[in-house]
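Below is one structure; the comments refer to it alone.
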Amino acid sequence: MINAGFDQEKGNAVIERGDADLVSFGKLYISNPDLVERFAENLPLAEWDQDTFYTPGKKGYLDYSAAA
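Residues in the sequence shown are numbered from -11 upward in steps of one, following the numbering used here.
Below, the structure is given as structure tokens:
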């Protein structure tokens, strides 16, 4: 498993090279709760708001919309 700074293209490349069996997407998954669907359908990704990381409440964790 590998993590840190991967987008779909870079994640696929490390798997294809055999450098990892699994790529995790932390920040991308926070701002894109439907990340798997967005990758599968080549939909644009929502930007994350780092100012809302590590704060109490839902803002920045549960308020990102799924792709329409």
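Heads up, the beta-carbon is just placed ideally off N, CA and C, and yes, glycines get one too. Here the structure is a predicted model, which means the values were calculated and not measured.
- The beta carbon of Asn20 sits closer than 6 Å to those of Arg26, Leu33, Ala34, all from its chain and outside the five residues before and after it, given in chain order.
- Distance from the CA atom of Tyr17 to the CA atom of Leu23, rounded to whole angstroms, is 6 Å.
- Note on Gly(-1): 16 or more other CB atoms within 10 angstroms of its CB, so buried under the neighbour-count rule.
- Rounded to the nearest whole angstrom, the C-alpha separation of Asp(-5) and Val2 is 11 Å.
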